[in-house]
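Visitor: This is the structure, below, for whatever I ask next.
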Amino acid sequence: MSEEAKKFLADIRHAIELLEDFLGEITSFLEYQKDLKTKSAVERQLGIIGEAVNQYRKLEDNKELSHTRQIVDFRNRLIHSYDNIDDAIVWVIIKKHIPTLKEEVQKELENE
137 MSEEAKKFLA DIRHAIELLE DFLGEITSFL EYQKDLKTKS AVERQLGIIG
187 EAVNQYRKLE DNKELSHTRQ IVDFRNRLIH SYDNIDDAIV WVIIKKHIPT
237 LKEEVQKELE NE
């Protein structure tokens, strides 16, 4: 794996760690929905994750992370259709898909 690809994986891992830090003690969807600063910070990190995944895919087309097309599509929606983001979708991504992505990225980084 190239150093640039490793950098993108490290960027994804760092964005996930920041996202987890920003969520802190927030455990419910309603708490998340009411906290505008946290929502903004989380959405920013999801955008970074989407861009880093996209760049990683271009460099390492033989090593696929799960749901990369959906991650990149969601990043594009965050950036280009920011006024049409559903908090419930973001919450599901945070709770269901980010932990899997984190595990995959960690495994890729450990294998190098």
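Counting with this note's numbering, you get residues 137 to 248 for the letters of the sequence shown.
Yeah, the Cβ is synthetic: ideal placement off N, Cα and C, and Gly gets one too.
Are L145 and E244 touching if we call contact CB-CB under 7 Å?
Guide: In contact: L145 and E244 (Cβ atoms closer than 7 Å).
Visitor: Suppose contacts are defined by Cβ-Cβ distances below 7 Å. Is L195 in contact with A141 by that definition?
Guide: In contact: L195 and A141 (Cβ atoms closer than 7 Å).
Visitor: Please classify T174: does DSSP put it in a helix, a strand, or coil?
Guide: DSSP places T174 in helix when its eight states are reduced to three.
Visitor: Could you have a look at R209 and say whether DSSP puts it in helix, strand or coil?
Guide: Residue 209 is actually Asp in this sequence, not Arg. D209 falls in the helix class under three-state DSSP.
Visitor: With distances taken from CA atoms, which of N212, W227 and D222 is nearest G183?
Guide: That would be N212, whose Cα lies nearest to the Cα of G183.
Visitor: Quick test of your reading: I250 and I185, contact by CB under 8 Å. State the CB separation rounded to the nearest angstrom.
Guide: Here the chain comprises residues numbered 137 to 248, so residue 250 is not present and cannot be evaluated.
Visitor: Within this structure, are the beta carbons of A177 and F165 separated by less than 7 Å?
Guide: No; because the gap between Cβ atoms is not below 7 Å, this pair is not in contact.
Visitor: With DSSP run on the structure shown, which of helix, strand or coil describes E240?
Guide: Helix, per DSSP.
Visitor: Going by DSSP in three states, G160 sits in which element: helix, strand or coil?
Guide: In this structure, G160 counts as coil in the three-state DSSP scheme.
Visitor: Measuring only the C-alpha atoms, how far is E198 from I234?
Guide: Just to set this straight, residue 198 is Asn in the shown sequence, not Glu. Rounded to the nearest angstrom, the two C-alpha atoms are 21 Å apart.
Visitor: At the level of alpha carbons, what is the spacing between V228 and K175?
Guide: Rounded to whole angstroms, V228 to K175 spans 13 Å at the Cα level.
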